[in-house]
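Below is one structure, written out as structure tokens; comments come after it.
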Amino acid sequence: PDVFTRLGLILRRGFTRDITRSLNIGPDLNDIITRTNDIIQAARTDCNQNLLIIVDGLDRQDYGTAVKMFESSLLTELECHIIYTIPISLRYSPSFRQPMESFQCLDLYNLPVFECDRNSGPTSTPNQAGRDILKSVITERLAKINETDLFTPDALDLLCEKSGGVIRDLIRLARTACQVAVKNKKEYVDTTIAQEAIQEERKAYTINDYHFPELATVHQTGRLTTNTHHLPKQGHFVICDELLQNKYVLGYDGDHTWFDVNPIIIQDLEQWQASQN
């Protein structure tokens, strides 16, 4: 326990307080790395196995801080396996291409629920391969408890579509659908129950007026924009970075990277577009 306490103190020093004063502590970085690696080696010897450290929460850093953070040698010179989380906007940023080469990146791609066209633009054609994989995530879990008929096929397909291919969101939607079914004293989840669950999860998304033009452009072109907005507490920022961070826009990787509006808010976009005509 003492080993992990010491490790935590040194990592906390490197990742929080001192990272904001990197110009001042530059000469001390080598010492921090050396001392941390000594602790890692002691822990490895004590446990007689390799260590895996998961550093969560870095995805909540602002864009500028995150770029500087992942340029630091501190993150790549620790002698153990480490998993870092990053802001999703950084994942698709040209500024991250060079720092990314220093890491063995594990990309957990979103599974497309719609096809894209030759120009990487979104379409309304279902991507059956992606949806089948998403369905298997649910059906395999249900099989373990011998509940293979808990969701009707149409309900399961709807939940997969509205998840946007994000596994975590699919699990959340399925769980909410089960809770709605229990509340309504239903023995299975049909499309009515699924739709109610989707509406419940939709409440977590607050779309501002300045979001809609960018959402419309992304949905039409499959590409991010670089338009900015200003808020008193945030200053100027790229709107699509905010849309990515809040999962209003999702990224997909195929022959080319492309983007689309999260299906769970597509009706909001359609209503806004109708109001503009």
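For the sequence shown, our numbering begins at 36 and goes up steadily by one.
Here a beta-carbon is modelled for each residue, glycine too, at the ideal position from N, C-alpha and C.
For clarity, every value in this text was computed on a predicted model and none was experimentally measured.
Per-residue DSSP class, three states only, for residue i
i    : result
Y287 : strand
I180 : coil
T241 : coil
I299 : helix
L87  : strand
I75  : helix
T80  : helix
T174 : helix
T292 : strand
N65  : helix
I60  : With a pLDDT of 47 at I60, under the threshold of 50, the modelled position of this residue cannot be trusted, and the question is left open.
R48  : Note that R48 has pLDDT 45, beneath the 50 cutoff, so the model's placement of it is unreliable and the number below is only indicative. Residue state, collapsed to three classes: helix.
Chain-order list of residues whose beta-carbon lies under 7 angstroms from that of residue i (same chain, five-residue window excluded)
i    : result
E236 : R207, L208, T211 and I299
D91  : T120
D276 : Y98 and S124
T160 : F149 and E150
C213 : V224
N65  : none
A229 : A190, L193, L194 and A212
Cβ-Cβ distance between residue i and residue j below 8 angstroms
i    : j    : result
R79  : L87  : no
L279 : Y127 : yes
Y240 : I274 : no
L205 : L193 : no
P157 : D295 : yes
F186 : I173 : yes
T227 : D189 : no
K197 : I233 : yes
L304 : H254 : yes
Residue i, enclosing alpha helix (DSSP H) - first and last residue
i    : result
F149 : Looking at the DSSP string, F149 is not in any alpha helix (DSSP H); the run it does join, the beta strand (DSSP E), is F149 to C151.
F273 : The sequence shown places Val at residue 273, not Phe. That residue, V273, is in no alpha helix (DSSP H); its beta strand (DSSP E) goes G270 to V273.
I206 : I202 to K218
S159 : Taken as a continuous stretch (DSSP letters only), S159 belongs to no alpha helix (DSSP H), being part of the beta strand (DSSP E) at P157 to P161.
G99  : Y98 to F105
P197 : One detail in the question is off: residue 197 reads as Lys in this sequence, not Pro. Looking at the DSSP string, the run of the alpha helix (DSSP H) that includes K197 is P188 to S198.
S137 : Unbroken run through S137: none, as it is neither H nor E.
L125 : I123 to R126
Classification of residue i by the beta-carbon crowding that lies within 10 angstroms, buried from 16 upward
i    : result
T51  : Because the pLDDT at T51 is just 47, under 50, the model does not fix this residue reliably, and the value given afterwards should be weighed accordingly. T51 is exposed by the Cβ-count criterion.
E249 : buried
L266 : exposed
R166 : buried
R56  : Caution applies to R56, whose pLDDT of 44 falls short of 50 and renders its modelled position unreliable; the value that the coordinates give is listed next. Exposed, because fewer than 16 other Cβ atoms sit within 10 Å of the Cβ of R56.
Q302 : exposed
I180 : exposed
V217 : exposed
G200 : buried
G257 : buried
T71  : buried
Q308 : exposed
Q306 : exposed
Span of the beta strand (DSSP E), counted from its first residue to its last, around residue i
i    : result
H264 : T263 to L266
H116 : H116 to Y119
T256 : Taken as a continuous stretch (DSSP letters only), T256 belongs to no beta strand (DSSP E), being part of the alpha helix (DSSP H) at F247 to T256.
Residues of its chain near residue i, where Cβ-Cβ distance is below 8 angstroms and the 5 sequence neighbours each way are ignored
i    : result
T292 : Y127, S155 and G286
I68  : S108, L109, E112 and L113
C115 : I75, R79, N85, L86, L87 and I88
P147 : N162, G165, G200, Y287 and G289
S271 : Position check: residue 271 holds His in this sequence, whereas Ser was assumed. Only T263, H264 and H265 meet the Cβ criterion.
Chain B contact for residue i (CB, 8 angstroms cutoff)
i   : result
I88 : In summary, chain B is missing from the structure at hand, where a single protein chain is found.
Cβ shell of residue i (< 6 angstroms), same chain only, five flanking positions each side left out
i    : result
I117 : I88
D152 : T158
T252 : T260
F138 : none
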